[in-house]
Amino acid sequence: MSLPDDAALEAAGAVIGDISIVRHDIFDTSLPEEDAPVFRAANALHRRTREPVVRRLLLVETGAVYSRRLLDETQRLLRAQNYLREAKVTPVRFADGRVDLLVETWDAWTLNPGISGSRSGGASSFGFELEDSNLLGTGAELTLSHDSDSERDENALSYRNDHLFGRWNGLDAELRDNSDGRGWALALGQPFHALDTRRAWGFSMDRLAQSNSFYARGEEIAGYRQRNNDIEAWWGRSTGLRDGRVSRWQFGLREHQRDFLPARDPVLAGPVPADRHLVGPWIGFERIHDDWQERVNLDQIGSTEDVLLGLRWGARLGWADTALGGDRDALWFEADVSRGFRLPAESLLRVQAWLDGRLEQGAARDLALGGRARYYRPTGEKRLFYADLETVHGHALDLDGYRTLGGDNGLRGYPERWAGGEVFTRLSLEQRYYTDAYLWRIFRVGGAVFMDVGRTWGDDPLGAPNPGTLADVGFGLRLGNTRSAFARVVHVDLAFPLDGDPSLKRVELVIEARREF
Numbered sequence: 024m025s026l027p028d029d030a031a032l033e034a035a036g037a038v039i040g041d042i043s044i045v046r047h048d049i050f051d052t053s054l055p056e057e058d059a060p061v062f063r064a065a066n067a068l069h070r071r072t073r074e075p076v077v078r079r080l081l082l083v084e085t086g087a088v089y090s091r092r093l094l095d096e097t098q099r100l101l102r103a104q105n106y107l108r109e110a111k112v113t114p115v116r117f118a119d120g121r122v123d124l125l126v127e128t129w130d131a132w133t134l135n136p137g138i139s140g141s142r143s144g145g146a147s148s149f150g151f152e153l154e155d156s157n158l159l160g161t162g163a164e165l166t167l168s169h170d171s172d173s174e175r176d177e178n179a180l181s182y183r184n185d186h187l188f189g190r191w192n193g194l195d196a197e198l199r200d201n202s203d204g205r206g207w208a209l210a211l212g213q214p215f216h217a218l219d220t221r222r223a224w225g226f227s228m229d230r231l232a233q234s235n236s237f238y239a240r241g242e243e244i245a246g247y248r249q250r251n252n253d254i255e256a257w258w259g260r261s262t263g264l265r266d267g268r269v270s271r272w273q274f275g276l277r278e279h280q281r282d283f284l285p286a287r288d289p290v291l292a293g294p295v296p297a298d299r300h301l302v303g304p305w306i307g308f309e310r311i312h313d314d315w316q317e318r319v320n321l322d323q324i325g326s327t328e329d330v331l332l333g334l335r336w337g338a339r340l341g342w343a344d345t346a347l348g349g350d351r352d353a354l355w356f357e358a359d360v361s362r363g364f365r366l367p368a369e370s371l372l373r374v375q376a377w378l379d380g381r382l383e384q385g386a387a388r389d390l391a392l393g394g395r396a397r398y399y400r401p402t403g404e405k406r407l408f409y410a411d412l413e414t415v416h417g418h419a420l421d422l423d424g425y426r427t428l429g430g431d432n433g434l435r436g437y438p439e440r441w442a443g444g445e446v447f448t449r450l451s452l453e454q455r456y457y458t459d460a461y462l463w464r465i466f467r468v469g470g471a472v473f474m475d476v477g478r479t480w481g482d483d484p485l486g487a488p489n490p491g492t493l494a495d496v497g498f499g500l501r502l503g504n505t506r507s508a509f510a511r512v513v514h515v516d517l518a519f520p521l522d523g524d525p526s527l528k529r530v531e532l533v534i535e536a537r538r539e540f
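Numbers 24 to 540, taken from the working numbering, label the letters of the sequence shown in order.
Have a look at this one:
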């Protein structure tokens, strides 16, 4: 019997029959270009994702009513796992009112025994790790790492398994031993993993001691020590997906503690932030409009990207009380909203905004309002114009909440933390190029020419002069790693600052691995 389309299957009230799962290796050695000893060895060394691991992620089951929406959401959920680089769910047979499904997944390389490094904003980082984000094909992640950058040396051991205690009851644990302190974190919970999930819960604890610094023109000029103590427990309930919308309520209790001490090094003596200890209950709400789009060649090269276009907004409102052990009475709040817009000529606009802060004794404290807009416009078969505008406005900020702008957050021609203040705005423009080149069947090749403009306003924590408007231009190479579970895009950029500051290098070399183009 021929296979009807999705609308016909849903109208006929078809139910799901057999669900077959095909798990593909990292490399397809049936292709002449991938039939090589090195690719066969990679497949042999890699433990393919186990079938039960794939099956527990499915949102459809035998006997359920056929729904194209659930098939699409299942594909998105599978692709969201970093150990899978692609996934498809396809109806393959229809007879006697039952439709059989084929689930195909393509594994990514998940073992990372090696050395990593990057150079951005005039600062270099170095590290080595033994990491497997699909341990023995189970979907669990185990990492032992050492990282060294301008801030600190960090040794970490972490383990994560989202399904350790059941289908969606997971554990995330980490131990940290840093050059400037130690810490550990533990989280247990069951998330809202799908749009129609009705219940969720979570419990987390985080302890961390470290040193932080104030910077001026990229140079460390003062510092302080910080101790974090965070505990949170929450429970959530949802009515599920109704008329294309999801509403979720959350209720929780949180302890948020920050203790600050002077730097041990007297050379770095400077201002120390005031301690904070907030304890109390909170309530949250989230609403999502189910509207997604699959795209290729936006922030990746040659990979399927799932873009949420529907309106999504959420808010949390909490009360901290001295009667519960805190150091103040305060009303704290967090809110965020995002939306995507389909525009003519296959263009796309994605916007988001967020707000957080506290009310203490009738006055706003540590208030921050931020927004970001990203615009994508195809300019040819393999070309795309991209614009990224980001701004953050602060008011009555805690001393540890001031913003910096530099090579670490978008100004590629400048050192990290080049300028500081209460407000910053940055605009980046790129002409992106996507090619058909596929180096060693691992890296898809792209490139970009770009310009970055930005500046900060308001007080600097240590009164450093404001350098005014900053700008750079440059060009770079992009290597999209289509076979790995780790950072998907390698950036190699040359950026040229334009403000004429004699203390700057004429050209800044930026080498880093990122999740996006």
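Heads up, the beta-carbon is just placed ideally off N, CA and C, and yes, glycines get one too.
Worksheet item: The alpha helix (DSSP H) with Leu-100 in it runs from where to where?
Response: On the sequence shown, residue 100 is found 77 positions in, with the first residue counted as 1. Where Leu-100 is concerned, the enclosing alpha helix (DSSP H) stretches over 91-102.
Worksheet item: Would you call the CB atoms of Asp-130 and Ile-49 closer than 8 Å?
Response: Within the sequence shown, residue 130 is the residue found at index 107, counting from 1. Within the sequence shown, residue 49 is the residue found at index 26, counting from 1. It is a contact, given that the beta carbons lie within the stated cut-off.
Discussion item. Rounded to whole angstroms, what is the Cα-Cα separation between Asp-421 and Arg-99?
Written reply: The count along the sequence shown starts at 1 and reaches residue 421 at position 398. The count along the sequence shown starts at 1 and reaches residue 99 at position 76. Distance from the CA atom of Asp-421 to the CA atom of Arg-99, rounded to whole angstroms, is 39 Å.
Practice prompt. Measure the C-alpha to C-alpha separation of Gly-417 and Arg-449 and round it to an integer number of angstroms.
Written response: The residue given as residue 417 occupies position 394 in the sequence shown. The residue given as residue 449 occupies position 426 in the sequence shown. So the alpha carbons of these two residues sit roughly 15 Å apart.
Item to complete: State the start and end residues of the unbroken beta strand (DSSP E) segment that holds Leu-378.
Response: On the sequence shown, residue 378 is found 355 positions in, with the first residue counted as 1. Where Leu-378 is concerned, the enclosing beta strand (DSSP E) stretches over 370-383.
Practice prompt. Enumerate in chain order the residues of its own chain whose CB-to-CB distance from Asp-524 is below 8 Å, with the five nearest sequence positions on each side excluded.
Written response: Here the question's residue 524 lines up with position 501 in the sequence shown. Cβ neighbours of Asp-524 beyond the five flanking positions: Pro-490.
Practice prompt. Using beta-carbon positions only, say whether Ala-308 and Gly-333 come within less than 8 Å of one another.
Written response: Here residue 308 refers to the residue found at position 285 when the sequence shown is read from its first residue. Here residue 333 refers to the residue found at position 310 when the sequence shown is read from its first residue. The question names Ala, yet the displayed sequence has Phe at residue 308. Contact: no.
Practice prompt. Work out the CA separation of Glu-539 and Phe-498 for me, nearest whole Å.
Written response: Taking the sequence shown and counting its residues from 1, one reaches residue 498 at position 475. Taking the sequence shown and counting its residues from 1, one reaches residue 539 at position 516. Cα to Cα, the separation comes out at about 16 Å.
Worksheet item: Of the choices Val-415, Ser-202, Arg-248, whose alpha-carbon is the least far from that of Arg-395?
Response: As a first step, residue 395 must be located in the sequence shown, where it is residue number 372. Looking only at Val-415, Ser-202, Arg-248, the smallest Cα-Cα distance to Arg-395 is reached by Val-415.
Practice prompt. Taking Leu-68 as part of the alpha helix (DSSP H), name the residues at either end of that continuous run.
Written response: Within the sequence shown, residue 68 is the residue found at index 45, counting from 1. Here the alpha helix (DSSP H) through Leu-68 covers 60-68.
Worksheet entry | Three-pair Cβ contact test at 8 Å for the stretch 286-305 versus the stretch 369-377 | no
Worksheet item: Considering only C-alpha positions, which residue in the set Leu-392, Ser-236, Arg-108, Val-38 is nearest to His-47?
Response: By 1-based counting over the sequence shown, the position of residue 47 is 24. Taking only the C-alpha atoms, the option nearest His-47 is Arg-108.
Practice prompt. Go ahead and pull the three-state DSSP assignment for Asp-253.
Written response: Taking the first residue of the sequence shown as 1, we reach residue 253 at position 230. If DSSP states are grouped into helix, strand and coil, Asp-253 belongs with the strands.
Discussion item. Using C-beta distances below 8 Å, list every residue in its chain close to Asp-522, excluding the 5 sequence neighbours before and after it, in chain order.
Written reply: In the sequence shown, residue 522 corresponds to position 499, counting from 1. Pro-490, Gly-491, Thr-492, Leu-493, Ala-494.
Item to complete: Classify Gly-443 as helix, strand or coil using the three-state DSSP reduction.
Response: Numbered from its first residue, the sequence shown carries residue 443 at position 420. DSSP places Gly-443 in strand when its eight states are reduced to three.
Discussion item. With a threshold of 6 Å on Cβ separation, who are the neighbours of Arg-544 within its own chain once the five nearest residues in sequence on each side are excluded?
Written reply: Since the displayed the chain opens at 24 and closes at 540, residue 544 lies outside it and no answer follows.
Practice prompt. Rounded to whole angstroms, what's the CA-CA distance from Ile-44 to Arg-79? Just pull it up for me.
Written response: Taking the sequence shown and counting its residues from 1, the one referred to as residue 44 is at position 21. Taking the sequence shown and counting its residues from 1, the one referred to as residue 79 is at position 56. When rounded, the distance between both Cα atoms is 12 Å.
Worksheet entry | For Thr-345, the three-state DSSP class (helix, strand or coil) | The count along the sequence shown starts at 1 and reaches residue 345 at position 322. Correct three-state label for Thr-345: helix.
Worksheet item: According to DSSP, which residues form a beta bridge with Asp-29?
Response: Numbered from its first residue, the sequence shown carries residue 29 at position 6. For Asp-29, which the question treats as bridged, DSSP gives no partner whatsoever.
Fill in: Gly-380 burial status per 10 Å Cβ neighbour count (16 or more: buried)
Along the sequence shown, read from residue 1 onward, the residue named residue 380 stands at position 357. Result: buried.
Worksheet item: How many angstroms separate the CA atom of Glu-243 from the CA atom of Ser-236?
Response: Here residue 243 refers to the residue found at position 220 when the sequence shown is read from its first residue. Here residue 236 refers to the residue found at position 213 when the sequence shown is read from its first residue. Each residue's alpha carbon lies about 6 Å from the other.
Item to complete: Check Gly-481 in the structure and name its three-state DSSP category.
Response: For the purposes of this step, residue 481 is taken as the residue at position 458 of the sequence shown. It is coil, neither helix nor strand.
Worksheet entry | Length of the line joining the Cα atoms of Gly-477 and Asp-176 | For the purposes of this step, residue 477 is taken as the residue at position 454 of the sequence shown. For the purposes of this step, residue 176 is taken as the residue at position 153 of the sequence shown. Distance between the alpha carbons of Gly-477 and Asp-176: 30 Å.
Practice prompt. Starting from Glu-109, trace the beta strand (DSSP E) both ways and give me its first and last residue.
Written response: Indexing the sequence shown from 1 puts residue 109 at position 86. That run of the beta strand (DSSP E) goes 107-118.
Worksheet entry | Residues of its chain near Asp-350, where Cβ-Cβ distance is below 6 Å and the 5 sequence neighbours each way are ignored | Here residue 350 refers to the residue found at position 327 of the sequence shown. Within the same chain, Asp-350 has close Cβ partners His-300.
Item to complete: Any chance you could list the beta strand (DSSP E) runs of at least 3 consecutive residues sitting entirely within the stretch 398-451, in chain order?
Response: 406-418, 426-428, 442-444
Discussion item. Excluding the 5 residues flanking Thr-220 on each side, which residues of the same chain have their C-beta closer than 7 Å to its C-beta?
Written reply: The residue given as residue 220 occupies position 197 in the sequence shown. Listed in chain order, the non-local C-beta contacts of Thr-220 below 7 Å within the same chain comprise Ser-261, local neighbours out to five positions each way being set aside.
Worksheet entry | Exposed unless 16 or more other CB atoms sit within 10 angstroms - verdict on Leu-434 | Position 411 of the sequence shown, counted from the first residue, corresponds to residue 434. Under this definition Leu-434 is a buried residue.
Discussion item. Threshold first: 3 residues or longer. Then list the beta strand (DSSP E) segments lying entirely within the stretch 154-212, N to C.
Written reply: Taking only runs of at least 3 residues, the beta strand (DSSP E) segments lying wholly in the stretch 154-212 are 164-171, 176-184, 193-201.
Discussion item. Taking a contact to mean a Cβ-Cβ separation below 8 Å, would you say Thr-52 touches Arg-70 in this structure?
Written reply: Working through the sequence shown from its first residue, we reach residue 52 at position 29. Working through the sequence shown from its first residue, we reach residue 70 at position 47. No, the pair does not count as a contact, with Cβ atoms beyond the cut-off.
Discussion item. So, for Tyr-398: in the same chain, excluding its five sequence neighbours on each side, which residues have a beta-carbon less than 6 Å away from its beta-carbon?
Written reply: Against the sequence shown, residue 398 aligns to sequence position 375. Excluding sequence neighbours, Tyr-398 sits near Leu-372, Ala-410.
Discussion item. I'd like the span of the alpha helix (DSSP H) that includes Glu-74, first residue to last.
Written reply: One-based indexing of the sequence shown puts residue 74 at position 51. Unbroken alpha helix (DSSP H) run through Glu-74: 74-78.
Discussion item. Using DSSP's beta-bridge definition, name the partner residues of Phe-274.
Written reply: Your numbering for residue 274 matches position 251 in the sequence shown. DSSP, once it has assigned bridges, lists Trp-258, Ile-306 as partnering Phe-274.
Item to complete: Classify Gln-273 as buried or exposed, calling it buried when 16 or more other Cβ atoms lie within 10 Å of its own Cβ.
Response: Stepping through the sequence shown from its first residue, residue 273 is reached at position 250. By the neighbour-count rule (16 or more Cβ atoms within 10 Å), Gln-273 is buried.
Worksheet item: Hey, Thr-327 and Arg-92: beta-carbon distance below 8 Å or not?
Response: In the sequence shown, counting from the first residue as 1, residue 327 sits at position 304. In the sequence shown, counting from the first residue as 1, residue 92 sits at position 69. Cβ distance not < 8 Å, so Thr-327 and Arg-92 don't count as in contact.
Fill in: Unbroken beta strand (DSSP E) run spanning Ser-315, endpoints
The residue labelled residue 315 in the question sits at position 292 within the sequence shown. Before going further, note that residue 315 is Trp rather than Ser in the sequence given. 315-319 is the span of the beta strand (DSSP E), which, as asked, contains Trp-315.
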